[in-house]
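Enquirer:
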Amino acid sequence: MADFDAIVVGSGCAGSVAAYEIAKAGKSVLVVERGNYAGAKNMTGGRIYGHCLRAVFPDNYDEIPFERKVSHERISLMSPDSNFTIDFASDDLLKDGQESYTVLRGPFDQWLAEQAENAGAEYIYGIAVEKLVKDESGKVIGIFAGEDEITADVVVLCDGANSLLAEQAVGAARPSAAQMAVGIKQVYELPAEEIEKRFQCNPGEGAAWLFAGDCTHGTFGGGIIYTNKDSISLGIVAGIEATATKASVPVYQMLEDLKNRPEVAPVLKGAKLVEHSGHMVPEGGITTMPDLIADGVLIAGDNATMCVNLGYTVRGMDYAVAAGQMAGQSAAKALDAGDTSKAGLQCYVDALENSFVMKDLRQFKNVPNFMEHFDRMFCGYPEMVRDMMNTMFVVDGTPVAPMKKSMMPIVKGMGMMNLFKDVRGAMKAL
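Its first residue numbered 1, the sequence shown is counted upward by one per residue in the UniProt record's numbering.
#1: Distance, Cα to Cα, R174 vs D396?
#2: Would you identify the three-state DSSP class for Q200, choosing helix, strand or coil?
#3: Note down, one range per segment and in chain order, each beta strand (DSSP E) of at least 3 residues found wholly within the region 202 to 259.
#4: Here's a check: name, in chain order, each residue in its chain whose Cβ is nearer than 7 Å to the Cβ of L273, leaving out the five neighbours to either side.
#5: Taking the beta carbon of M403 as the centre, do at least 16 other beta carbons fall within 10 Å, making it buried, or is it exposed?
#6: Please return the same chain residues whose Cβ sits closer than 6 Å to the Cβ of G126, not counting the five positions on each side in sequence.
#7: Just how far apart, CA to CA, sit I143 and I7?
#8: Considering only the beta carbon of each residue, do N303 and C201 sit closer than 8 Å?
#9: Among D360, F220, E283 and K197, which has the Cα closest to the Cα of K246?
#10: In three-state DSSP terms, what is S16?
#11: Tell whether a beta-carbon distance below 8 Å holds between M306 and V357.
#12: Find the nearest neighbour of A89 within the set N83, E99, S79 and H72, judged by alpha-carbon distance.
#13: Specify the secondary structure class of G278 as computed by DSSP and reduced to three states.
#14: Measuring only the C-alpha atoms, how far is N418 from K428?
#15: Where does the unbroken beta strand (DSSP E) through D148 begin, and where does it stop?
#16: Just mark Q115 as buried or exposed, buried being the case when its beta carbon has 16 or more other beta carbons within 10 Å.
#17: Please state the DSSP three-state secondary structure of V321.
#18: For M408, which three-state DSSP category applies?
#19: Give the range of the alpha helix (DSSP H) segment to which N390 is assigned.
#20: Is the Cβ-Cβ distance between L258 and F211 less than 8 Å?
#21: Within the continuous beta strand (DSSP E) that includes Q179, where are the two ends?
#22: Restricting to Cα atoms, I'd like to know which of T227, H217 and G222 is closest to P191.
#23: Please go through the same chain and pick out, in chain order, the residues whose beta-carbon is closer than 7 Å to the beta-carbon of L165, but skip the five residues on each side of it.
#24: Bridge partners of F88, per DSSP?
#25: Is the beta carbon of Y348 closer than 8 Å to that of I75?
#26: Would you check if there are 3 or more beta carbon pairs closer than 8 Å linking the region 232 to 239 to the region 252 to 270?
#27: Which whole-angstrom value is the C-beta distance of G46 and I224, which I expect to be below 8 Å?
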């Protein structure tokens, strides 16, 4: 007889939600987390879309420790000597079911773990799981937690990007450098009223601000700022391969340079640095997704590359929550049926395929490859936009030329065929 009905490895968004669903179904479940507490290893300073959490926690949604409701979407295109920013606000961003919030993963993940524990899940912290236990047929029947062997009828792997266990479970190839990004983030304490003043937001509301171009010194990647209740999350995410082969400076210097930009420095003025962290981010999307089930095992979250960077928004946590919910429900269903073979766990894949998770990831399957090779977005278009804006707004006494005559040389300098190829590529990818 197994020690537990289910074991969940990892207590991030997918792991704790999966454990919550399994425990809620009356099954015994153990969660093993390598960090000293839930969220200790999760650095995301970002936003989560509320719809996924409403589906899991309809009765206590208002208790979730969100930071701020996002009321402003900002996107900046930076050249070394200019910045073009779009600031979008809309009532629709704030409506129930459409809203998003900034979160800090420490308190957020601890709240998720608390819900799972309240439902009956057991947690073990501070232990890294590096090996799975299999029977003679190759079915996963447990884990090695440190030197201890713990068995279960089903194992749910939610152990994050660059997973060793996914490789053991389903033979997933380790991701290449082109399929991964590295992110570094800093958190700065700042009084709530200062945040609201600097971002022109109402109390309790905030901004999600994305940067492209010179923030990564013209290479593939981008910068982020998210406003929290009384702090600001600032970060850089850069493609590992692009950084290694094309970047003129390392990622940590990119972050320092972004902090000193004239658009960013005033936002951080007087703020106190309280956190610095780094993490790997999966960038391949569905094109690098491993098999999600095998005999005795399911995979959900970052180790299943359920993440997509669209340039104007970054998605991942909502996919992880939804996948965790479906993984937990499917594991409980398979346990009830007494069949945790690959065939018995197929209901998980079916549920994902019928959900927004797989439909979104299939819709955006070409985005990672397009963005990786969209060099002009990071060095080229920011300068073109700068020259166009200068033509419009710089007044120096020189007679004004017709708009068409002044703009066309700038556009042609980029190359009409290049513009056509990029627009066509973006339309196909998005």
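Note that CB positions come from ideal geometry on N, CA and C, so glycine has one too.
Expert: The structure says:
#1: Within the sequence shown, residue 174 is the residue found at index 174, counting from 1. Within the sequence shown, residue 396 is the residue found at index 396, counting from 1. Each residue's Cα considered, the two are about 57 Å apart.
#2: The residue labelled residue 200 in the question sits at position 200 within the sequence shown. Coil.
#3: Segments of the beta strand (DSSP E) lying fully in the region 202 to 259: 205 to 213, 221 to 227 and 231 to 239.
#4: Indexing the sequence shown from 1 puts residue 273 at position 273. Shown here for L273: same chain residues with a beta carbon closer than 7 Å to its own, the five before and five after excluded, namely Q186 and Y188 in chain order.
#5: For the purposes of this step, residue 403 is identified with residue 403 of the sequence shown, where counting begins at 1. So M403 counts as exposed.
#6: Numbered from its first residue, the sequence shown carries residue 126 at position 126. Cβ within range, chain order: N36.
#7: Here residue 143 is taken as the residue at index 143 of the sequence shown, counted from 1. Here residue 7 is taken as the residue at index 7 of the sequence shown, counted from 1. Roughly 8 Å separates the two Cα atoms.
#8: Within the sequence shown, the letter at position 303 stands for residue 303. Within the sequence shown, the letter at position 201 stands for residue 201. Contact flag unset, no.
#9: Your numbering for residue 246 matches position 246 in the sequence shown. Of D360, F220, E283 and K197, the residue nearest in Cα terms is F220.
#10: Position 16 of the sequence shown, counted from the start, is the residue given in the question as residue 16. Correct three-state label for S16: helix.
#11: Taking the first residue of the sequence shown as position 1, residue 306 is located at position 306. Taking the first residue of the sequence shown as position 1, residue 357 is located at position 357. Taking 8 Å as the Cβ cut-off, M306 and V357 qualify as a contacting pair.
#12: Indexing the sequence shown from 1 puts residue 89 at position 89. Ranking the options by Cα distance to A89, first place goes to H72.
#13: On the sequence shown, residue 278 is found 278 positions in, with the first residue counted as 1. G278: strand per DSSP, three-state reduction.
#14: Mapped onto the sequence shown, residue 418 falls at position 418. Mapped onto the sequence shown, residue 428 falls at position 428. The straight-line gap from Cα to Cα measures roughly 15 Å.
#15: Against the sequence shown, residue 148 aligns to sequence position 148. D148 to L157 is the span of the beta strand (DSSP E), which, as asked, contains D148.
#16: By one-based count along the sequence shown, residue 115 stands at place 115. Label assigned to Q115: buried.
#17: Along the sequence shown, read from residue 1 onward, the residue named residue 321 stands at position 321. In the structure shown, V321 sits in a helix (DSSP, three-state: H, G or I).
#18: Residue 408 sits at position 408 when you count from the first residue of the sequence shown. Residue state, collapsed to three classes: helix.
#19: Working through the sequence shown from its first residue, we reach residue 390 at position 390. Residues Y381 to F393.
#20: Position 258 of the sequence shown holds residue 258. Position 211 of the sequence shown holds residue 211. Yes, these two residues count as a Cβ contact at 8 Å.
#21: For the purposes of this step, residue 179 is taken as the residue at position 179 of the sequence shown. That residue, Q179, is in no beta strand (DSSP E); it is neither H nor E in DSSP.
#22: Your numbering for residue 191 matches position 191 in the sequence shown. Proximity to P191 across T227, H217 and G222 peaks at T227, based on C-alpha coordinates.
#23: Within the sequence shown, the letter at position 165 stands for residue 165. Cβ within range, chain order: V9, V129, L132, L157 and D159.
#24: Here residue 88 refers to the residue found at position 88 when the sequence shown is read from its first residue. Answer by DSSP bridge pairing, in chain order: E73.
#25: As a working note, residue 75 is residue 75 in the sequence shown. As a working note, residue 348 is residue 348 in the sequence shown. Taking 8 Å as the Cβ cut-off, I75 and Y348 do not qualify as a contacting pair.
#26: The answer is yes - the region 252 to 270 touches the region 232 to 239, with three or more Cβ pairs under 8 Å.
#27: As a working mapping, residue 46 is identified with position 46 in the sequence shown. As a working mapping, residue 224 is identified with position 224 in the sequence shown. Contact holds; Cβ gap of about 7 Å.
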